[in-house]
Structures are given as C-alpha cells and as structure tokens.
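Accompanying notes for the structure given below.
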Amino acid sequence: MNAVKNDTQAREKDARANSDVSGLRRKDRKIRYIAVDEIAPNPMQPRADFNDESLNALSESICRYGFIQPLTVKKRAARSLTVNGQTVCGEKYELVSGERRYRAAKRLGLKTVPCIVVTADMKSSALIALTENLQRENLNFFEEAAAFYNVLLLTGATQTLLARQLSISQSAVANKLRLLSLNEEEKRRILAHGLTERHARAFLRLKDEPVRRRFIDRAIDRSLSAAECEKEIAAYLAEKQKQPAENPPPKKPRRISLIRDINFFLNSVNNAVNLISESGIEVKQETKDLGDYLEIVLNVRKS
Numbered sequence: 374m375n376a377v378k379n380d381t382q383a384r385e386k387d388a389r390a391n392s393d394v395s396g397l398r399r400k401d402r403k404i405r406y407i408a409v410d411e412i413a414p415n416p417m418q419p420r421a422d423f424n425d426e427s428l429n430a431l432s433e434s435i436c437r438y439g440f441i442q443p444l445t446v447k448k449r450a451a452r453s454l455t456v457n458g459q460t461v462c463g464e465k466y467e468l469v470s471g472e473r474r475y476r477a478a479k480r481l482g483l484k485t486v487p488c489i490v491v492t493a494d495m496k497s498s499a500l501i502a503l504t505e506n507l508q509r510e511n512l513n514f515f516e517e518a519a520a521f522y523n524v525l526l527l528t529g530a531t532q533t534l535l536a537r538q539l540s541i542s543q544s545a546v547a548n549k550l551r552l553l554s555l556n557e558e559e560k561r562r563i564l565a566h567g568l569t570e571r572h573a574r575a576f577l578r579l580k581d582e583p584v585r586r587r588f589i590d591r592a593i594d595r596s597l598s599a600a601e602c603e604k605e606i607a608a609y610l611a612e613k614q615k616q617p618a619e620n621p622p623p624k625k626p627r628r629i630s631l632i633r634d635i636n637f638f639l640n641s642v643n644n645a646v647n648l649i650s651e652s653g654i655e656v657k658q659e660t661k662d663l664g665d666y667l668e669i670v671l672n673v674r675k676s
C-alpha cells in the first residue's frame, strides 16, 4: 500500500510540475520591436560560454537577412533606480529565449529587436532556455548537467518528468547530473583538451581527487580514448581492491592487570615455585629486601 501511495504522490507531483513548466502563455502572436536596452538577459540561461566565431557568423547573417525568428521575452516587475537625484527605469523585459540572437544584436549595435511577449514564470523560463539551447546549438555536457539541476531545483519536477519533456531517458538525466561531482578545475581541463562525456563518466569512478587528477593528466598526455581510460581505471580499481590497506589498524595491546598488593605478588611467586618443586624439579628461592625493591633469585638444577 505504501508503494502505491508513494507512486501516486510522485505522479501528482510530476503533474503539478508539468503544469508549471508547460504553462507558457503567449499574450499575442504580434511581433513587437523592443529596445535592446530594455531587455535583461535570462538569469537561468544554462549556457556559460558563447563561441565568438559562432556569434560573429550569426551577426553577419542578421546583417544580411535580418531576424529569421524573433526573440521571446516576458515583462518584468516595474522597478526603478535613483541616480544623482534622477529616477532611471530598469529593464522592462527579460529574455526567455534567443540569447545568441540577443548578444548578436548587441554586437551589431542594434537599437531594437523583434520580440514576442509571453507570460512565463521563472520555472518556465528555465526550461524554455534549456530546451532551446539543446535543440539549436548544443551545450557542452557540463552546462547541460548544470541546466538539468537548475530546472529540477526550480520546478520540483522529478528526473522522469524532465526526461519526458526533453525526449530523453531518465538514466540519461541521472548520468548527466553525476557529472556535477567533478570539481571546476577538472571540468575545465576535460573541456579544454577535448575529452568527451564518456571520459568524464569514467573519471567519476575514482573517488580520490589526486588519483583522478593523475588519470585525467594521463588521458590528456597520451591522447587516450574513452574506452582506453575505462580499461585502465577498471584495472587500477581491481588491483587496489586486492592490495591490503597501506596503514592497517594498530593491534590492540594486551591488557595486563597491575598488581598493587606486593604480598599478593609474593604469594603468587611462592605458589609457582612450589608447583615446580612438586613436579620433581629442584628449585631454590632466595628473597632479599633491598629497601626500595625486593630481589628474588631462583636457582633451578639442570639435572
């Protein structure tokens, strides 16, 4: 019963989130020309790096043919800033999709750009920006992972729902999110040297950062394929599992009770000597009191 209840709750959660992220409403289909200075970038834009060569090519295309497709924006809450006694209005709109076209327009120094105004909350904006980038110009796999995480965090949707909306498998979403376990320096080196997502997933098997760094350096220096990396890492992990721990835990010392009563100690020695004598071995015991300590001498006949 609990499993059924949990499944029902998950489905209801997905349905609510699906309603949220798909609740984009166009105010109208009219294209409006809006001042570039009145448009703020999308804060949930998943792309971190924009290729200069690609933006230059897009700028040239816009110069020749104009905008093939308008930008999508939404109205922002009214806000103003007072500077030197003068009230200055902030951006009136926020970009929902069309980041590359927006940047190209700014490069060209255009005063206005064609836009369609929509009603969208932050959840919808995040998903739209992600979907557009995936469909138009691929994000690198670390940017995709960060975008997936942000969308899940904002919408409260499950990985299954996000996968359905992006037409990919749930395992693909899960594998992408795992990439966020790598630190920023590792991500930078992997991208800078053209290693693939499969390389990155192989490195994730190494939990120790210095070891992981060593394997990343090795893959770069030797131009190893992802398959070769996987093979070497698997061999390393198998060998490590066979080896004993480098620093085995110290053995626990034997606990010996401290004899505080000297008379008890002397009786124990006397009893031991008597047992030896009864077994047929000749033993002579001599005890001397030397002040701070006792000297006990045992003479045992060899034959």
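Just so we're on the same page, our numbering is the position in the sequence shown counted from 1, plus 373.
We put the beta carbon where it would ideally sit given N, CA and C, even for glycine.
Taking 8 Å as the cut-off, the beta carbon of G482 is found no closer than this to the beta carbon of L444. Taking C-beta atoms as the reference points, K448 and Y466 count as a pair closer than 8 Å. DSSP links N672 through a beta bridge to K657. Per DSSP, S432 is one residue of the alpha helix (DSSP H) stretching across D425 to Y438. With contacts defined by Cβ atoms closer than 8 Å, T485 and Y609 do not form a contacting pair. Linking S540 to T533 through their CA atoms gives a straight-line distance of about 10 Å. Looking at Q538, I589 and S542, the one whose alpha-carbon comes closest to that of I563 is I589.
Within the same chain, L535, V546, K549 and L550 come within 7 Å of F521 by CB-CB distance, once the 5 residues on both sides are set aside. Scanning its chain for C-beta atoms nearer than 6 Å, with the 5 sequence neighbours on each side dropped, one finds around V673 the residues V656, in chain order.
DSSP places L663 outside both helix and strand once states are collapsed to three, so it counts as coil. Nearest to P416 by C-alpha distance, out of Y438, N523, N429 and L577, is N523. Secondary structure note for S544: it is in no beta strand (DSSP E), and the uninterrupted alpha helix (DSSP H) holding it is Q543 to R551. T660 and L667 have their C-alpha atoms roughly 7 Å apart. Non-local C-beta neighbours of H572 in its own chain, meaning closer than 7 Å and more than five positions away in sequence, comprise I563, A592, A599 and C602, ordered along the chain. Annotation: G664 to V646 spans about 24 Å, alpha carbon to alpha carbon. The beta carbons of L512 and A477 sit about 18 Å from each other, so the pair does not count as a contact at 8 Å. When the beta-carbon positions are compared, L555 and L577 come within less than 8 Å of each other. Here R405 carries a strand assignment [DSSP, helix/strand/coil]. In the structure shown, the three-state DSSP call for K580 is coil.
Listed as beta-bridge partners of S641 by DSSP are no residues whatsoever.
When DSSP states are grouped into helix, strand and coil, T528 belongs to the helix group. Counting only residues of its own chain and dropping the five nearest sequence neighbours on each side, A575 has a CB closer than 7 Å to the CB of A599, C602, E603 and I606. In this structure T569 is exposed. Its beta-carbon is surrounded by fewer than 16 other beta-carbon atoms within 10 angstroms. Excluding the 5 residues flanking it on each side, S650 has same chain C-beta neighbours closer than 7 Å at V656, in chain order.
Look at the region 558-608 and you find these whole runs of alpha helix (DSSP H), each 4 residues long or longer: 570-576 and 582-594. I441 carries a coil assignment under DSSP once its states are collapsed to helix, strand and coil. Counting the other Cβ atoms within 10 Å of the Cβ of V670 gives fewer than 16, which makes it exposed. Counting along the chain, E464 sits inside no alpha helix (DSSP H), nor does DSSP assign it H or E at all. Linking L648 to S641 through their CA atoms gives a straight-line distance of about 11 Å. Between L579 and R473, the alpha-carbon positions lie close to 37 Å from each other.
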